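To start, the structure under review is shown below, and the notes come after it.
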Amino acid sequence: MPPETDNLRLEDLFNADQKERAQILSSSAAVEALKQSDLARRKEVREMMARGEVNTAADLYRAGVIFLHGAAPNDFLTAHRLAAMAALNGHRSARWLLAASLDRFLMSIGLPQVYGTQFERNEEENRYQLRLPIDDASVLHFEKRFFDVPSVIERLTQLNRRIQN
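Numbered according to numbering that gives the first Met the number 0, the sequence shown terminates at residue 164, and the numbering increases by one at each position without gaps.
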């Protein structure tokens with residue numbers, strides 16, 4: 000690995016990404032604004048990657064999260080690659096990102112998710128629900144624990160608590 004100095008600008012982009020996602024988006028204008036922010040962040044991170052400025056496990060993880068919030072299969076595949084490198088370099092949270100980026104990639108190309116990490120908001124019922132389809136028949140009994148993926152019930156409870164607060 001190159002020098003172990005985290006990219007502070009990337010950390011700022013990651014923090015902005017997470018801050019925007021902590022809010023409940025209640026209008027199509029707010030959703031569109033988030034999409035534009037996501038696009039700008041991905042563009043800047045791509046430029047950082049091209050300049051060789053994404054180096055540490057934390058950088059790889061943060062860049063992966065930003066690409067997870069992309070719009071196309073290549074964004075999700077990039078998130079998955081970055082998560083793999085971060086996880087292999089000891090970043091524990093990157094394990095979950097590996098599972099989530101694979102699920103998002105699979106769904107973006109018309110295949111079912113396997114880990115159950117992808118949820119959507121049901122506007123009519125004002126609650127989150129698991130995005131279908133899911134095909135977890137081949138997932139090993141310990142695999143979700145290995146990737147730090149909470150059960151569907153645990154994650155739905157977390158997400159729906161955000162709506163109620």
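Ideal placement from N, C-alpha and C gives every residue a C-beta, glycine not left out. Computed from a prediction, not measured in an experiment: that's the story for all the values here.
So the candidates are the options; which of them puts its Cα closest to the Cα of residue i?
i	options	result
Gln112	Ala136, Gly89, Arg94	Ala136
Asn14	Arg61, Ala49, Val53	Arg61
Val64	Met47, Ser26, Arg160, Gln17	Gln17
Arg45	Ala83, Leu97, Ala29, Thr77	Thr77
Asp11	Ala28, Ala83, Ala57	Ala57
Glu52	Gly89, His79, Thr4, Arg91	Thr4
Ala93	Tyr114, Gly109, Leu59, Ala21	Leu59
My guess is that residue i and residue j are in contact by the Cβ rule of under 8 Å, so how many angstroms apart are they, rounded?
i	j	result
Trp95	Phe146	6 Å
Val148	Thr116	6 Å
Go ahead and label residue i buried or exposed: buried means 16 or more other beta carbons lie within 10 angstroms of its beta carbon, across all protein chains shown.
i	result
Arg8	exposed
Thr156	exposed
Arg91	exposed
Are the CB atoms of residue j and residue i within a distance shorter than 7 Å?
i	j	result
Ser107	Phe75	yes
Pro132	Phe104	no
Glu43	Leu33	no
His79	Leu101	yes
Three or more C-beta pairs below 8 Å linking the stretch 30 to 41 and the stretch 68 to 76: Taking 8 Å as the limit for Cβ pairs, the verdict is that the stretch 68 to 76 does touch the stretch 30 to 41.
Given 8 Å, three or more beta-carbon pairs between the stretch 82 to 93 and the stretch 105 to 125: Flag = no, the stretch 82 to 93 and the stretch 105 to 125 do not touch.
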